[in-house]
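Asks:
Protein chains: 2
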Amino acid sequence: MVPLDFESFIHRIEAHPQLQGVGLRTVYQKGEYIFKQGEICQKVFCMHNGLVKLYYNTQDGKEWIKSFVLDQGVLGSRSSQLMGKPSPFSALCLEKTEVQSYPYKRFAEVCLDDHDLVRDLFNFLQWLGVKKEIREYQLLCLSAEDAYKDFLHTNPKLVERLTQVDIAHYLGITPIALSRIKKRLT
Amino acid sequence: MVPLDFESFIHRIEAHPQLQGVGLRTVYQKGEYIFKQGEICQKVFCMHNGLVKLYYNTQDGKEWIKSFVLDQGVLGSRSSQLMGKPSPFSALCLEKTEVQSYPYKRFAEVCLDDHDLVRDLFNFLQWLGVKKEIREYQLLCLSAEDAYKDFLHTNPKLVERLTQVDIAHYLGITPIALSRIKKRLT
DNA sequence: CCCACGCGTTAACCCAGGTTTATTTCAATG
DNA sequence: CATTGAAATAAACCTGGGTTAACGCGTGGG
Numbered sequence: 006m007v008p009l010d011f012e013s014f015i016h017r018i019e020a021h022p023q024l025q026g027v028g029l030r031t032v033y034q035k036g037e038y039i040f041k042q043g044e045i046c047q048k049v050f051c052m053h054n055g056l057v058k059l060y061y062n063t064q065d066g067k068e069w070i071k072s073f074v075l076d077q078g079v080l081g082s083r084s085s086q087l088m089g090k091p092s093p094f095s096a097l098c099l100e101k102t103e104v105q106s107y108p109y110k111r112f113a114e115v116c117l118d119d120h121d122l123v124r125d126l127f128n129f130l131q132w133l134g135v136k137k138e139i140r141e142y143q144l145l146c147l148s149a150e151d152a153y154k155d156f157l158h159t160n161p162k163l164v165e166r167l168t169q170v171d172i173a174h175y176l177g178i179t180p181i182a183l184s185r186i187k188k189r190l191t
Numbered sequence: 006m007v008p009l010d011f012e013s014f015i016h017r018i019e020a021h022p023q024l025q026g027v028g029l030r031t032v033y034q035k036g037e038y039i040f041k042q043g044e045i046c047q048k049v050f051c052m053h054n055g056l057v058k059l060y061y062n063t064q065d066g067k068e069w070i071k072s073f074v075l076d077q078g079v080l081g082s083r084s085s086q087l088m089g090k091p092s093p094f095s096a097l098c099l100e101k102t103e104v105q106s107y108p109y110k111r112f113a114e115v116c117l118d119d120h121d122l123v124r125d126l127f128n129f130l131q132w133l134g135v136k137k138e139i140r141e142y143q144l145l146c147l148s149a150e151d152a153y154k155d156f157l158h159t160n161p162k163l164v165e166r167l168t169q170v171d172i173a174h175y176l177g178i179t180p181i182a183l184s185r186i187k188k189r190l191t
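First to last, the protein sequences are chains A and B.
Numbering-wise (our numbering), the first sequence opens with residue 6 and increments by one.
Numbering-wise (our numbering), the second sequence opens with residue 6 and increments by one.
This is how it looks when you write it as structure tokens:
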């Protein structure tokens, strides 16, 4: 069941007869936003390639990174999709990124009415749940040093394409603290 | 869509013709485990009343609490259900708790094959996703003090039924640190 | 070619929270 | 009624990470 084959999942979505002509292909350049914190964005984005960071800006001017989406993936703001509320985080492209977007409600209806697609969607939600459970475990149970080692080990390809600032803000520490950890580990 | 009506959701599950006689009713007393960290538990538990804590024991002998489930809810170990792996956390009853358990695979099949139930399940997974997103935000972006204030505000009924030790371990700090925070807030 | 800027690193200082130990209270049990 | 043990608090000390500031490096634009 898990792991998920995004390639096939996204292909089946895009091939679905009831979604023909509904999707919108967009190419974002490095530095462009898919959506910004505070905006209401009721789309779902099927990502084909690229690198996106989802992050929060706090009141005291800090940035903390919720997650990265690399190459294939599905993303959006649940708060906006489900409740029509402003997104609590932004989606910023760190590299050129190609996505296909659908109105969320239509997307969900089509998936729920399709015997096969609903299974794909269900698998995706379960896969995402496992991912988020691991993330929760790291934030709750691991020291910054252990979380960093874990991140290096689990995401070697991602690490190469990120700055130390972004890695630190994903781990919940400052880049200075990360620099100290790296020094400690040598 | 969100918030979720657990009462109706669980009722529809238990009333489903293909789940008749499949579920097992169990009453756990305070201090009893529904499942333990390290065990493989491929059931899903529909909780009717009670209070459960889901928590990790780390190698260095510490306990960190993933979440609480109060009164109505659905719980289980995704790692076990989906991948047949040992559960990374335990489910311990803090009060007398009544649950109805189903083999996960059967439960999922029945839900996915039922036009209405699959919508309930989908809503539940989305609701859970929103919950977990908020939890991630608290662990990533908030100080212990702010997370505590947030917890008090969002879970007033839960707070009354928990010890300070458990609240602290949910927040990711020691009970001593929580005691200091409480002192600071007066 | 030079300048500005973002990135990574280092150092000095500060603070929130961890660790250890001890005391008090209170509820459960013998 | 006495004993035990868990919970909460407190004090003293330690430590990892935050803050601020400075410096070197590479890169891209003027």
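Every residue gets a Cβ at the ideal spot worked out from N, C-alpha and C, and that includes glycine.
(1) Keeping to the same chain, check which residues put their C-beta closer than 6 Å to that of Ile15 of chain A; ignore five residues upstream and five downstream.
(2) Please report the distance separating the alpha-carbon of Leu56 of chain A from that of Trp69 of chain A.
(3) I'd like to know if Leu145 of chain A contacts chain B, where contact means its C-beta is closer than 7 Å to some C-beta of that chain.
(4) By the criterion of Cβ-Cβ separation under 7 Å, what are the contact partners of Leu117 of chain B in chain A?
(5) Please tell me whether Leu99 of chain A and Lys58 of chain A are closer than 7 Å, where the distance is taken between their beta carbons.
(6) In the stretch 132 to 163 of chain B, which residues sit with their C-beta less than 8 Å from some C-beta in chain A, listed in chain order?
(7) Buried or exposed: which applies to Glu141 of chain B, given that a residue is buried once 16 or more other Cβ atoms fall within 10 Å of its Cβ?
(8) Quick check: the Cα distance between Val49 of chain B and Ala20 of chain B, rounded to an integer number of angstroms?
(9) Taking the CB atoms as reference points, tell me whether Leu163 of chain A and Leu75 of chain A lie closer together than 7 Å.
(10) What does Tyr109 of chain A touch in chain B if you count any residue whose Cβ is under 9 Å from its own?
(11) Starting from the beta carbon of Gly177 of chain B, find every residue of chain A whose beta carbon is closer than 9 Å, and list them in chain order.
(12) If you compare alpha carbons, which of A:Tyr60, A:Gln23, A:Gln25, A:Leu24 is closest to Ile39 of chain A?
(13) So what does DSSP say about Arg30 of chain B, is it helix, strand or coil?
(14) Apply the 10 Å Cβ neighbour rule to Ile181 of chain B and answer buried if 16 or more other Cβ atoms are within range, or exposed otherwise.
(15) Under 8 Å: do the stretch 77 to 97 of chain B and the stretch 31 to 47 of chain B share three or more Cβ pairs, one atom per stretch?
(16) According to DSSP, is Glu150 of chain B part of a helix, a strand, or is it coil?
(17) Using a threshold of 6 Å, is the CB atom of Phe73 of chain A nearer than that to any non-hydrogen atom of the ligand SAM?
(18) Can you tell me where the alpha helix (DSSP H) with Phe112 of chain B in it begins and where it stops?
Replies: In brief:
(1) These residues qualify, in order along the chain: Cys51.
(2) Straight-line Cα distance between these residues: approximately 17 Å.
(3) It does: the Cβ of Leu145 of chain A has a partner Cβ on chain B nearer than 7 Å.
(4) Proximity of chain A to Leu117 of chain B at the Cβ level (cut-off 7 Å) is accounted for by Val123, Arg124, Phe127, in chain order.
(5) The Cβ atoms of Leu99 of chain A and Lys58 of chain A lie closer than 7 Å to each other.
(6) Result list: Leu133, Gly134, Val135, Lys137, Glu138, Arg140, Glu141, Tyr142, Leu144, Leu145, Cys146.
(7) With 16 or more other Cβ atoms within 10 Å, it is buried.
(8) Rounded to whole angstroms, Val49 of chain B to Ala20 of chain B spans 16 Å at the Cα level.
(9) Yes, these two residues count as a Cβ contact at 7 Å.
(10) Within chain B, no residue comes near Tyr109 of chain A; the closest Cβ sits about 11 Å away, beyond 9 Å.
(11) Within chain A, the residues near Gly177 of chain B are Leu144, Leu145, Cys146.
(12) Measuring from the Cα of Ile39 of chain A, the nearest candidate turns out to be A:Tyr60.
(13) It is a strand residue.
(14) Ile181 of chain B comes out exposed.
(15) Touching, yes.
(16) Of the three classes helix, strand and coil, the one that applies to Glu150 of chain B here is helix, per DSSP.
(17) Although the ligand SAM was asked about, the structure shown includes no ligands whatsoever.
(18) Element bounds for Phe112 of chain B: 109 to 118.
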